[in-house]
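These notes are about the structure you will find just below.
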Amino acid sequence: MPLNNDISLADYHIHPDFSIDAVGSVDDHCQAALKKGLAEICFTTHYDSNPNGPAEERMMVVDGVRAPLTFDAVAKYVETVQKANDLYYPIGLEVRCGIEVGYYAGCEKLIGELFSRFEFHYKLAAIHDIEDICVCCHTRFEKCFSRFRVDEMADRYFATMEKAVQSGLFDAVAHIDVYKKYGLQFYGDAILHIHQGRIEPVFEAMVENDVGIEINTSALRKGHAEYYPSMEIINLARKIGVRIAAIGSDAHSPEDVAFDFENAAAIAYELFPYCDE
Ligand SMILES: [Zn+2]
Ligand SMILES: [Zn+2]
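Counted the way this note's numbering counts, the sequence shown spans residues 569 to 845.
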């Protein structure tokens, strides 16, 4: 069913099947976006290049085959998205090419090279690893969390995020409280408050570096009551002056494009100003 078309919504976090954990081609996702009545989408395939992480993660799927995460593989992705824009823009859907970089300390040189080779419309920084183990993968979160108390985990997570923001490479931060994805079941309710006193310096750095925050609706699909981030964190971001960069479904399949956007758009009201001219 199409969304309310009084406002033109854009989904700025979509994984086509170039991402190893996604299904549905670029074209399938564009078709889904058209059906939902979106005006614009931005693909954000994964670029997880941590050399200390599992080798099977440093991959991209090109022409249906898993390939190492080389710049040539990225070029195929960029080309495919550009071709989709050529096809869909004339019929009302702008198709942008972005990327979701899994940030780790030390990646700056490589990511700097990536960004000078390709002109991405939207560069998302995500913290997927804490000390080289995935914090948000269902097969590895226990291994990740079992090394730390909840406060130790959060100290490390936010310190890494602050480095990502300070790098000056990125436009926005993805799913800023994603540690709650499996952290709620692992640590209990303490996880929902663990940002307090830790996220503020990150927000101040975001204001300084003009890095925005995304509202990511995928948390609802994982059984959470609130998005990434929670309303408490969104309100704190606004209070400190962090801008909302976009809303994103973090779709990994076409049916999740624009997931829960009716509600997310109301929260991110500044992105969709009504015009009475
Ligand atoms: Zn992510
Ligand atoms: Zn994502």
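C-beta: ideal position from N, C-alpha, C; glycine also.
- The C-beta separation of A814 from Y615 comes to about 18 Å, leaving the pair out of contact by the 8 Å criterion.
- Residue range K748 to Y755 is occupied by the alpha helix (DSSP H) that includes K748.
- In terms of Cβ geometry, A694 and V733 do not form a close pair [threshold 7 Å].
- When rounded, the separation of the alpha-carbon atoms in I802 and A836 is 9 Å.
- Beta-bridge partners assigned by DSSP to D616: G670.
- R634 has V629 as its beta-bridge partners, per DSSP.
- Assignment of L661 by DSSP, reduced to helix, strand and coil, places it in the coil class.
- Burial state of F639 is exposed, judged by a 10 Å Cβ sphere holding fewer than 16 other Cβ atoms.
- Taken through DSSP and simplified to helix, strand or coil, H743 comes out as coil.
- Here Y657 is exposed, its C-beta having fewer than 16 other C-beta atoms within 10 Å.
- Within the model, the alpha-carbon separation for K603 versus G632 is close to 25 Å.
- Under the three-state reduction of DSSP, Y725 is assigned to helix.
- With respect to the C-alpha of R664, the residue from S684, R634, F829 and C598 having the closest C-alpha is C598.
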